[in-house]
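Visitor: Chains A and B, in that order, give the protein sequences. So in numbering that gives the first Met the number 0, the last spot in the first sequence is 489, and the numbers never skip. So in numbering that gives the first Met the number 0, the last spot in the second sequence is 81, and the numbers never skip. The beta-carbon is built from N, C-alpha and C at its ideal position, and this holds for glycine as well.
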Amino acid sequence: MNAYRILLAGNPNVGKSTVFNALTGLKQHTGNWSGKTVDLACGTFCCDGVSVTVTDLPGTYSVISNSAEEEIARNAILFEPSDLVLAVADATCLARNLNLLLQIREIAPSVALCVNLMDEAERKGIAVDLAQLEQALRIPVIGISAHRKRDLSRLKHWLTHLLPDMPMSDPSPPFFYPKPIEDAMARLASYLPPSDFSERVLPLKALDNPAIAAQLLDALSIGNRERCAFLSAVQTERDALSAQGISPVNLRDMVVESIVATSNRIASAHTRVRTPASHTYKWDKILTSRRFGIPIMLGFLGLLLWITVCGANLPSQLLFSLFEGFTPYLSAFWNLLHLPPFLASLLTDGVYHTVSWVTAVMLPPMAIFFPLFYPLQRSVFYADYPVLPVFGKHTLAIRTVGGFRLVYPVFYPDWNRCHAGRHQTVHPLLFSGRPCRVLFGTSAVSQAKDWGNTALLSGRPYRQNPGQSDSGFRSRRCRHLVDGKHHGLR
Amino acid sequence: MPVTLASTSLGERVYIHRLTATGTMRRRLLDLGFTPGNSIVPLYRSPLGDPTAYAVMGTVIALRSSDAETVLVVPHQEEARS
Chain A
0 MNAYRILLAG NPNVGKSTVF NALTGLKQHT GNWSGKTVDL ACGTFCCDGV
50 SVTVTDLPGT YSVISNSAEE EIARNAILFE PSDLVLAVAD ATCLARNLNL
100 LLQIREIAPS VALCVNLMDE AERKGIAVDL AQLEQALRIP VIGISAHRKR
150 DLSRLKHWLT HLLPDMPMSD PSPPFFYPKP IEDAMARLAS YLPPSDFSER
200 VLPLKALDNP AIAAQLLDAL SIGNRERCAF LSAVQTERDA LSAQGISPVN
250 LRDMVVESIV ATSNRIASAH TRVRTPASHT YKWDKILTSR RFGIPIMLGF
300 LGLLLWITVC GANLPSQLLF SLFEGFTPYL SAFWNLLHLP PFLASLLTDG
350 VYHTVSWVTA VMLPPMAIFF PLFYPLQRSV FYADYPVLPV FGKHTLAIRT
400 VGGFRLVYPV FYPDWNRCHA GRHQTVHPLL FSGRPCRVLF GTSAVSQAKD
450 WGNTALLSGR PYRQNPGQSD SGFRSRRCRH LVDGKHHGLR
Chain B
0 MPVTLASTSL GERVYIHRLT ATGTMRRRLL DLGFTPGNSI VPLYRSPLGD
50 PTAYAVMGTV IALRSSDAET VLVVPHQEEA RS
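1) With 8 Å as the threshold, decide whether the Cβ of D490(A) is near any Cβ in chain B.
2) Helix, strand or coil for I5(A) per DSSP?
3) Per DSSP, what are the beta-bridge partners of R271(A) in this structure?
4) Please report the straight-line C-alpha distance between R264(A) and L136(A), rounded to a whole angstrom.
5) Terminal residues of the continuous beta strand (DSSP E) containing D89(A)?
6) So, is the C-beta of P35(B) closer than 8 Å to a C-beta in chain A?
7) In the structure shown, what three-state DSSP assignment does T34(B) receive?
8) Within 8 Å of any Cβ in chain A, is that where the Cβ of T58(B) sits?
9) Can you pull the DSSP bridge partners for V72(B)?
10) In three-state terms, what does DSSP make of L9(B)?
11) Can you determine whether any heavy atom of the ligand SAM sits closer than 7 Å to the C-beta of A94(A), and answer yes or no?
12) Give a yes or no on whether the minimum CB-CB distance between L71(B) and chain A is below 8 Å.
13) Would you mind reading off the limits of the alpha helix (DSSP H) that contains T58(B)?
14) What are the residues that DSSP puts in a beta bridge with D55(A)?
15) Using a C-beta to C-beta distance shorter than 9 Å, which residues of chain A count as neighbours of L29(B)?
16) Any Cβ of chain B within less than 8 Å of the Cβ of R264(A)?
17) Counting pairs of beta carbons, one from the stretch 40–54 of chain B and one from the stretch 14–30 of chain B, are three or more of them closer than 8 Å?
18) Please state whether DSSP places V13(A) in a helix, a strand or coil.
19) Are K15(A) and V127(A) touching if we call contact CB-CB under 8 Å?
20) In the stretch 87–117 of chain A, which residues sit with their C-beta less than 8 Å from some C-beta in chain B, listed in chain order?
21) Would you mind working out which of V308(A), F19(A), A343(A) sits nearest F492(A), comparing C-alpha positions?
22) Got a sec? Which residues, its chain only, sit under 7 Å from A120(A) by beta carbon, not counting five neighbours each side?
23) Taking all protein chains shown into account, decide if C227(A) is buried (16 or more other Cβ within 10 angstroms of its Cβ) or exposed.
24) Which term fits E70(A), buried or exposed, when burial requires 16 or more other beta carbons within 10 angstroms of its beta carbon?
25) Express the C-alpha separation of T326(A) and P339(A) in angstroms, rounding to a whole number.
26) Applying the 10 Å Cβ sphere with the 16-neighbour rule, what's the burial state of E68(A)?
27) The beta strand (DSSP E) that contains L112(A), what's its start and end?
28) By how many angstroms is the C-alpha of L116(A) removed from the C-alpha of L191(A)?
29) Beta-carbon within less than 6 Å of S65(B)'s beta-carbon, same chain only, minus the 5 sequence neighbours each way: which residues are those?
30) For G10(B), which residues of its own chain have a beta-carbon under 6 Å away from its beta-carbon, when the five flanking residues on both sides are left out?
31) Per DSSP, which one or two residues make a beta bridge with Y351(A)?
32) In the DSSP assignment, find the unbroken alpha helix (DSSP H) run with T235(A) in it and report its ends.
33) Run through DSSP, which three-state label would P41(B) get?
34) In whole angstroms, give me the CA-to-CA distance for R12(B) and P74(B).
35) Could you name the residues of chain A that G48(B) contacts, counting a contact when the two beta carbons are closer than 9 Å?
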C-alpha cells in the first residue's frame, strides 16, 4: 500500500480541524476561537488502497512573521517531509486566505487548495470560480463544505487520486516581488546548489530573515566555503538594497505588499460578490444601537416573562385543584394509620399543602419559561455594545495582569468574522459559528460566566518576544520543529 | 493628505497610505491585511469610542484607537501609493 504524508495548513477558523477530524476520524477538539491548534496533531486514513497521514498545522495568517504558531507552521512546511501541503481556505474571504496560500506556495514544492465553507459563501452571495482559481494559482483546487459528509468523502477520494501522481506545483513563481528584490534574489540563487529552496525561498529569507536562512542552509548540505561566499553575497545585496532605500523593514513591507496585492487581484478576479442585503446591516444597527438595543432586549425579556406568568396561571390552578383533590384520601390514610390529629394536620396542612402549593406555583412557569428561553439562548446572537462598558475594564485588567492572550469583549454583528487586531481572532464560544442575526440587543447578564471561560480557553501564554523559549505550551512532538532539528530535505 | 485611521468616520471607505507602527504590531497589522493600497471601512464603534471595528479584506477587525492611530489613510485609492 502506498503511504503519503500531507500537511493541513490554513488561516485560523477556516475549518482545518474539522477537515482533519473528518479525514482521520480522530476527535481533535475543534473550537470557534483561533489559535486552537497549538499542537501538531497527526492522524492516518486509508482510502482506495492509499494510506495518508495527515498533520494538522496551527492556523496562521501568514508564515512570514515570527509568532510561535507561525514558526511552527512554517518550519513544519519547510522541514517536515511531506508529499503535499493542503491549504484550507475560507470561501467567504478568499483574498485573506490566498495571502497565506501564496506564501505557502512559495515555500512548499507541492500545494493543493481546499476551499471550505462554500455553502456559507453562497449564502452570503459570494460565488467562487474554482476552475479559474485553479488556472490562476496553477495548483489543484477543490471546493467543499466541511460539515457535509458527502463533501468530505469527495475530498478523501480527490486526495487519494491526487497524491499518487501529484505534479510538483508549477515552478514558475505565482507572483513577483519588486524588481530590485527579484534581482538580488536571482543573484543570490546563483551561489546555491539546486534544491527546493535554492530558487526563491532561501535567497528571500536570507535577505529578510537570517535566522531561517541559517536553518535552511543547515538543511542544504553545502560546504563551509560556499556557505561563507553565500553569506557575504547576502551582506552585499542587503547593503545594495539599503543604498536603494530598501531597508530590512521596507523589504519586509514590500514582500508582504506584493503578496497581498496578488491575493487581492486573484481573489477579486475569480469571485463574484452579490452585494448583501442591506436590511441585515440595518437591523443589526438598530438592535445594537445605544438607544434601542437595551429597550428592545428588555421588551423581549418582558414579553417572555409575561407569556410565562400569564400562561402559567391556568396550569397552576389546575395543578393546585388536582393536589387539593387528594387531601380527603390523605386524611383517610392518616386515619387508617391511627395517627394523632396534630401529626395528621402537620403532615396534611403543613408538609403536603406547602409542597403541593410550591409545586403548583413553580412548575408551570418553569415548564414554560425554560423551553422558551433555551432556544433563544442557543440560537440568538447576544450582541454587542452594552457588553463593553460592563466587561471592558475587567478584561483589560486580565490582559495586563495575567500576561495571557485574551479575547476582547468586542463583539460585532458579523460574528463569524470578528477579529481583535492586536492578538487574535475574537470568536464567540456561545454560538455555533454560523452567521447570526441579532435578536437581543445586548448580552444577558448570565453570560458573564461564559466570558470567564472565553478568556480562559483562549488564554494561552502570549509571547511578546518570539526568541524566548517557553516550552510550556508546545508539545514535545512539535518542539523539535521549532528548535530547528529537522529531518533534512525531502 | 493622510489622516489616521482613528479619525475616520463610520461607513466611510478609505485606503491605507502607510503604517507608522513598528516591530511586532507592524507585522501583525500587515498580516491582518493593513497593507498600503488596501481599502478599509470603519464599521462600528464601541460606546466608549474605543475600540472600533473595521472591514478589511472581507473580515471585521477591531483595533484600539492607539493602534488605529498608527495607520495612515487617504480617501482615494490613487493617493494611497504615492
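Guide: In short, the structure shows the following:
1) For residue 490(A) there is no data in the structure shown, the boundaries of chain A being 0 and 489.
2) Position 6 of the first sequence, counted from the start, is the residue given in the question as residue 5(A). Residue state, collapsed to three classes: strand.
3) The count along the first sequence starts at 1 and reaches residue 271(A) at position 272. DSSP lists A126(A) as partners of R271(A).
4) Translated into positions along the first sequence, residue 264(A) becomes position 265. Translated into positions along the first sequence, residue 136(A) becomes position 137. Computed Cα separation, rounded: 12 Å.
5) Position 90 of the first sequence, counted from the start, is the residue given in the question as residue 89(A). Segment 83–89, the beta strand (DSSP E) holding D89(A).
6) As a position in the second sequence, residue 35(B) is number 36, starting the count at 1. Yes, P35(B) counts as interfacial toward chain A.
7) Start at 1 with the first residue of the second sequence, and residue 34(B) comes out as number 35. If DSSP states are grouped into helix, strand and coil, T34(B) belongs with coil.
8) Position 59 of the second sequence holds residue 58(B). Answer yes: the Cβ-Cβ gap between T58(B) and chain A drops below 8 Å somewhere.
9) The residue given as residue 72(B) occupies position 73 in the second sequence. BP columns for V72(B) point to V2(B), I15(B).
10) Numbered from 1 along the second sequence, position 10 holds the residue referred to as residue 9(B). Coil, per DSSP.
11) In the structure on display, the ligand SAM does not appear, and there are no ligands present to speak of.
12) Translated into the one-based positions of the second sequence, residue 71(B) becomes position 72. No - not a single Cβ of chain A is within 8 Å of the one on L71(B).
13) As a first step, residue 58(B) must be located in the second sequence, where it is residue number 59. It is not in any alpha helix (DSSP H) - T58(B) instead sits in the beta strand (DSSP E) that spans 58–62.
14) Taking the first residue of the first sequence as 1, we reach residue 55(A) at position 56. DSSP output for D55(A) lists L7(A), A40(A) as bridge partner(s).
15) Numbered from 1 along the second sequence, position 30 holds the residue referred to as residue 29(B). Chain A residues near L29(B): S61, I63, S64, R251, D252, V255, E256, V259.
16) The residue labelled residue 264(A) in the question sits at position 265 within the first sequence. Output row for R264(A): interface = no.
17) no
18) Taking the first sequence and counting its residues from 1, one reaches residue 13(A) at position 14. If DSSP states are grouped into helix, strand and coil, V13(A) belongs with coil.
19) Translated into positions along the first sequence, residue 15(A) becomes position 16. Translated into positions along the first sequence, residue 127(A) becomes position 128. In this structure, V127(A) does not lie closer than 8 Å to K15(A) by Cβ.
20) T91, C92, L93, A94, R95, N98
21) In the structure displayed, chain A extends from 0 to 489; residue 492(A) sits before or after that span and is not available.
22) Mapped onto the first sequence, residue 120(A) falls at position 121. Result list for A120(A): A90, T91, V127, in chain order.
23) The count along the first sequence starts at 1 and reaches residue 227(A) at position 228. With fewer than 16 other Cβ atoms within 10 Å, it is exposed.
24) In the first sequence, counting from the first residue as 1, residue 70(A) sits at position 71. That one is buried.
25) Position 340 of the first sequence, counted from the start, is the residue given in the question as residue 339(A). Position 327 of the first sequence, counted from the start, is the residue given in the question as residue 326(A). Cα to Cα, P339(A) sits roughly 17 Å from T326(A).
26) Translated into the one-based positions of the first sequence, residue 68(A) becomes position 69. Buried, by the Cβ-count rule.
27) To locate residue 112(A), count along the first sequence from 1; it is residue 113. Start and end: 110–115.
28) In the first sequence, counting from the first residue as 1, residue 191(A) sits at position 192. In the first sequence, counting from the first residue as 1, residue 116(A) sits at position 117. About 42 Å.
29) Locating residue 65(B) in the second sequence gives position 66, counting from the first residue. No residues qualify anywhere along the chain.
30) As a working note, residue 10(B) is residue 11 in the second sequence. Within the same chain, G10(B) has no close Cβ partners at all.
31) Position 352 of the first sequence, counted from the start, is the residue given in the question as residue 351(A). None, per the DSSP bridge assignment.
32) Counting from one through the first sequence, the residue named residue 235(A) turns up at place 236. That run of the alpha helix (DSSP H) goes 223–242.
33) Locating residue 41(B) in the second sequence gives position 42, counting from the first residue. Strand, per DSSP.
34) Position 13 of the second sequence, counted from the start, is the residue given in the question as residue 12(B). Position 75 of the second sequence, counted from the start, is the residue given in the question as residue 74(B). Roughly 7 Å separates the two Cα atoms.
35) As a first step, residue 48(B) is located in the second sequence; it is residue number 49 there, counting from the start. Those do not exist, as G48(B) stays about 10 Å from chain A at its closest Cβ, beyond 9 Å.
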